[in-house]
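The listed protein sequences derive, respectively, from chains S and P. Under this note's numbering, the first residue of the first sequence is numbered 3, with each subsequent residue one higher. Under this note's numbering, the first residue of the second sequence is numbered 13, with each subsequent residue one higher.
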Amino acid sequence: MHSVVCIKQVPDSAQIRVHPVTNTIMRQGVPAIINPYDLFALEQALRLKDRFGGTVTVVTMGPPQAEVALRKALSFGADEAILVSDRAFAGADTLATSCALASTIRQIRKNMPVDIVFTGKQTIDGDTAQVGPGIARRLDLQLLTYVSRILEVDHGARQIRVERRAEGGVQVLRTALPCLITMLEGTNEMRFGTMADMFRAARAELKVWDRLAAGIEDPSLVGLKGSPTVVGKVFAPKPRALRAEMIETATQEPKDLAVTLLAKLFTQHPRIERELARRAV
Amino acid sequence: MIEPAKKPARRKVELDPRFASYKGVWVFIENERGAVHPVSWELLGEGRKLADVLGVELAGVVMGPPGEATRGFCAEAFHHGADFCYLVQDEVLRDYRNEPYTKGLTDLVNACQPEILLLGATTLGRDLAGSVATTLATGLTADCTELAIDPESRCLAATRPTFGGSLLCTIMTQRHRPQMATVRPRVMAMPDRDSSRSGRIVEHPLGMVESSIVTKVLEYLPDNRQDQPQLVYADIIVAGGRGLKKPENFHRVWDLARVLGAEVGASRPVVQAGWVELDRQVGQSGKTVRPKLYIAAGISGAVQHRVGMQDSDVIIAINNDPNAPIFDFAHYGIVGNAMQILPALTEAFRAHLAQARKVG
Ligand SMILES: Cc1cc2nc3c(=O)[nH]c(=O)nc-3n(C[C@H](O)[C@H](O)[C@H](O)COP(=O)(O)OP(=O)(O)OC[C@H]3O[C@@H](n4cnc5c(N)ncnc54)[C@H](O)[C@@H]3O)c2cc1C
Ligand SMILES: Nc1ncnc2c1ncn2[C@@H]1O[C@H](COP(=O)(O)O)[C@@H](O)[C@H]1O
């Protein structure tokens with residue numbers, strides 16, 4: 003069983019602040035983490051390895067610093083790590099990103115066939131959920147998005163059965179390997195790596211592939227050049243024409259504030275009063 | 013997704029002449045198990061505006077199993093603003109699967125060439141949009157909160173929150189067609205339904221047989237709706253944020269919600285700390301809501317939260333910081349300690365509504 007897991011290094015969004023005056027993002031000192039959604043994908047791949055044996059390869063496209071994310075993945079138990087890094091990749095949107103990652107996976111499978119490619123549901127910096135489907139399309143893999151559970155893998159028959167989150171319920175799907183799975187969050191919990199894995203991760207020689215090593219001949223397919231979407235204006239949201247009407251009372255007692263608010267609300271919005279009165283409690 | 017480009021997008025960008033023939037705005041009418049997702053009607057409302065600015069037609073794309081139900085979705089699309097509909101009917105489209113839907117929609121785009129294609133940012137819509145955009149090698153902007161036509165280039169200007177702080181960015185696909193975007197349920201207003209409107213139906217074959225499709229749907233387990241928060245289409249929501257300080261304090265939000273018959277929502281830190289389920293998160297990476305009344309307690313109003321609830325009819329904010337950004341877009345504000353204001357509001361609503369119900 004050979005799984006490839008795509009992980010992305012992202013800034014810990016919980017710690018990003020916006021400069022109050024210039025309205026620009028202050029990234030200095032914000033720690034980088036593995037995109038939290040990708041950990042569900044990695045753990046799932048490791049569980050398949052526990053059961054069936056085989057190899058877990060992690061891949062990230064990013065700047066040289068992204069090797070930290072790969073070492074972390076190795077310390078959890080991944081076997082191989084590849085950093086795909088080249089100036090030509092800078093400024094990539096999802097189409098260009100999926101191009102670079104798909105090409106990388108094509109190179110990987112020249113050495114060892116790949117059974118499952120895993121990605122997270124989405125990234126916390128991009129939030130697009132597009133890279134997984136993009137890779138699947140380019141590699142002509144069956145696509146299983148929002149997978150909540152792998153029910154069965156029949157390695158001999160090259161078949162897999164999964165549960166997939168759909169809008170109003172859960173689909174039980176069967177498909178053939180190789181396939182691409184985007185894992186839903188909350189489906190498992192990342193293990194602690196073993197001591198041995200931690201030592202191995204610290205010493206491991208990572209593979210670093212540039213554009214050509216990743217099999218991309220034409221530089222116009224990746225990075226900014228290969229990105230059909232162009233980011234234009236970046237701006238702060240407009241305040242509403244009127245700021246909130248502030249509720250004040252002479253005493254500032256919570257009870258008075260509440261009563262004053264209700265009086266205003268129901269006078270100005272009788273529909274809301276009717277709506278609330280209509281609801282049985 | 014993207015880092016802002018160093019230079020702002022250049023204004024005059026020549027469109028590849030191959031794409032000059034691409035015309036019209038399309039909305040994918042998402043239907044599953046006999047029902048259309050309401051986001052499709054919301055998108056028709058928005059698509060109507062874009063098509064009118066461009067002076068082109070608005071089309072719905074209906075795909076599904078053969079039958080009256082599927083055809084009926086076209087009529088419904090006309091009532092919600094479509095000028096005409098493409099209809100692809102085939103037995104293999106009975107359940108949503110990536111492969112046949114991707115082929116159907118991609119073939120249709122290649123044959124009939126729309127300039128703009130909109131889909132709902134649902135699990136189905138995102139699965140399909142990512143696959144179709146990659147096959148067509150065109151741009152796709154996810155989870156937009158605003159759509160407009162750039163007057164100079166006549167391109168779709170798709171706005172979404174950008175990563176990190178309190179900012180939005182506008183993204184354009186200038187040299188490729190179609191321009192694709194996904195929009196969440198409830199971001200756009202539901203258009204008025206006009207049952208006198210009708211339109212023409214253009215049928216297209218899918219050209220696929222079941223035996224060629226690798227993925228099979230073995231079963232479908234519908235959710236038990238009672239067990240799940242129904243935040244997205246809730247009329248009244250009471251939401252709490254990190255200002256409530258401790259999980260034990262969050263019951264004040266539930267108490268008020270119970271009296272109002274409201275759903276409970278939360279900001280992301282509260283969800284990440286595990287005080288409430290993920291399904292209750294409001295905002296960019298949670299749900300977008302549009303209730304008649306949204307009460308936010310101890311929520312600062314960061315843009316990622318704001319884009320998920322700013323179109324609520326009436327927003328009441330409770331925050332102890334008079335400069336909290338939420339007061340920039342709430343309708344009513346109370347500066348005070350949510351720990352005291354929430355119980356006081358609960359009591360005031362309880363008393364008032366008991367009275368109103370007696371009278372009514
Ligand atoms: C990519 C990305 C996606 C994100 N997606 C989302 C999302 O979907 N939803 C979301 O909500 N956030 C999201 N965020 C996080 C968002 O940027 C904010 O960090 C978050 O909304 C802040 O939550 P909060 O207002 O509860 O907490 P805080 O920002 O900590 O604000 C707490 C507020 O409570 C007030 N307060 C404190 N004590 C009291 C008291 N006793 N009484 C009354 N008020 C009090 C404070 O004045 C403050 O305004 C996202 C961030 C990123 C980077
Ligand atoms: N630069 C990258 N390197 C490796 N994997 C990535 C990269 N960008 C996105 N992915 C994968 O694609 C998934 C979806 O990302 P996104 O479309 O950006 O929301 C992520 O959860 C990752 O698994």
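Glycine is no exception: its CB is placed at the ideal position from the N, C-alpha and C atoms.
At the C-beta level, D291/P and L218/P stay beyond 8 angstroms of one another.
With contacts defined as CB atoms closer than 8 angstroms, I9/S and A94/S fail to qualify as a contacting pair.
From the listed residues D107/P, A251/P and I128/P, the smallest Cα separation to P77/P is found for D107/P.
Taken from the Cβ of G151/P, every heavy atom of ligand 1 lies 7 angstroms or farther away. Each residue's CA atom was taken as its position, placing Q11/S and G128/S some 11 angstroms apart.
With contact defined as three or more Cβ pairs closer than 8 angstroms, the segment 186–199 of chain S and the segment 30–49 of chain S are in contact. Under a 10 Å Cβ-count criterion, A138/S is classified as buried, with 16 or more other Cβ atoms of the shown protein chains found around its own Cβ. Between G253/P and I311/P, the gap from beta carbon to beta carbon is short of 8 angstroms. Selection L27/P, Q191/P, G132/P and A308/P evaluated against H343/P yields A308/P as nearest (Cα-Cα). Under DSSP, H49/P takes part in no beta bridge, so it has no partner. The beta carbon of G57/P lies closer than 8 angstroms to those of H92, G93, M200, A201, M202 and P203 in the same chain, with the five residues before and after it left out. In the displayed model, A169/P falls within a strand according to three-state DSSP. Between ligand 2 and I9/S, a heavy atom-to-CB distance of less than 7 angstroms is present. From the listed residues V116/S, V224/S and C101/S, the smallest Cα separation to K51/S is found for V116/S.
The Cβ-Cβ distance between A89/P and V65/P does not fall below 8 angstroms. In the structure shown, P239/S adopts coil according to DSSP, grouped into three states. Per DSSP, S143/P is one residue of the alpha helix (DSSP H) stretching across T135 to L148. Within chain S, the residues placing a beta-carbon under 8 angstroms from that of I183/P are T231, V232, V233 and G234, ordered along the chain. Of L117/P, I353/P, D333/P and P197/P, the smallest CA-CA separation from N261/P is found for I353/P. Within the same chain, A285, G286 and W287 come within 8 angstroms of P259/P by CB-CB distance, once the 5 residues on both sides are set aside. For L136/P, at least one C-beta of chain S is nearer than 8 angstroms to its own C-beta. Nearest CB-CB separation between T130/S and chain P: below the 8 angstroms threshold.
Of the residues A90/S, K112/S, E169/S and M248/S, the one whose Cα lies closest to the Cα of R109/P is E169/S. Cα atoms of G320/P and C97/P: separation of roughly 30 angstroms, rounded to the nearest angstrom.
Between ligand 1 and the CB of V301/P, the shortest heavy atom gap is not smaller than 7 angstroms. The Cβ-Cβ distance between T227/P and Q144/S falls below 8 angstroms. Annotation for G64/S indicates a beta carbon within 7 angstroms of some heavy atom of ligand 2. For ligand 2, a non-hydrogen atom lies closer than 7 angstroms to the CB of T96/S. For the C-beta of P241/P, not a single chain S residue is nearer than 7 angstroms; the gap to the nearest is close to 14 angstroms.
Note: C101/S is not bridge-paired with any residue in the DSSP secondary-structure output. Think of a sphere of 7 angstroms around the beta carbon of R187/P: the chain S residues whose beta carbon falls inside it are P230, in chain order.
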